[in-house]
Amino acid sequence: GGTFQQVLVVLDGIRLNDPLTGHFSSYIPIAPAEIDRIEILFGAASAIYGTEAVGGVIHIITKSFHSSNITKTKQIQAQFTGGEYGLFNVNIGGLYKKNKQTFAGGIVSNNTYGQPQRGIN
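Heads up, the sequence shown is in the numbering used here, so the first residue is 1076 and it goes up one at a time.
If you want it as structure tokens, here you go:
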């Protein structure tokens, strides 16, 4: 454990924490459909990752789109979420492989009109 300043967030080996403050702004610049796995290192990992990783590391690893790893020629994933206050999320990702070329992409849309204010006359 530790404070949020002591936990390092990494995306495919690239640090997402602010280099000046060490804060993580909760912004991950990829669609969730592009994530292959998330590895969590508990405890001190500063020997490997530096002083920002005293409390541990969250390592987000995206899907590998190397032609040798892909067995399917077409693949698509979709996730739809709905909820209260107009919540509607769409998460779509996919790939297309032809010969030695692979094309991959994803899109995310998050919409809500928010929770209404209460107790105001």
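In this text, a Cβ means the ideal position worked out from N, Cα and C, and glycines have one as well.
Considering only residues of the same chain and omitting the five flanking positions on each side of residue 1178, which have a CB-CB separation below 6 Å? As a first step, residue 1178 is located in the sequence shown; it is residue number 103 there, counting from the start. The beta carbon of residue 1178 lies closer than 6 Å to those of 1171 in the same chain, with the five residues before and after it left out.
Note down, one range per segment and in chain order, each alpha helix (DSSP H) of at least 4 residues found wholly within the stretch 1131-1169. none
I need the DSSP call for residue 1124, collapsed to helix, strand or coil. On the sequence shown, residue 1124 is found 49 positions in, with the first residue counted as 1. DSSP places residue 1124 in helix when its eight states are reduced to three.
Helix, strand or coil, according to DSSP, for residue 1179 in the structure here? Position 104 of the sequence shown, counted from the first residue, corresponds to residue 1179. Residue 1179 falls in the strand class under three-state DSSP.
In angstroms with no decimal places, state the Cα-to-Cα distance between residue 1163 and residue 1154. Counting from 1 along the sequence shown, the entry for residue 1163 is found at position 88. Counting from 1 along the sequence shown, the entry for residue 1154 is found at position 79. Roughly 11 Å separates the two Cα atoms.
I'd like the list of long-range same chain contacts for residue 1182, defined as Cβ closer than 7 Å, with 5 residues on each side in sequence excluded. The residue given as residue 1182 occupies position 107 in the sequence shown. Closer than 7 Å at Cβ, skipping near neighbours: 1106 and 1167.
Any beta-carbon of chain D closer than 7 Å to the one on residue 1136? The structure shown contains no chain D, having only a single protein chain.
How should residue 1159 be labelled, buried or exposed, when 16 other C-beta atoms within 10 angstroms of its C-beta is the threshold for buried? The sequence position of residue 1159 within the sequence shown is 84, counting from 1. Residue 1159 should be labelled exposed.
So, using beta-carbon positions, are residue 1121 and residue 1129 closer together than 7 Å? Walking along the sequence shown from the start, residue 1121 turns up at place 46. Walking along the sequence shown from the start, residue 1129 turns up at place 54. Yes; because the gap between Cβ atoms is below 7 Å, this pair is in contact.
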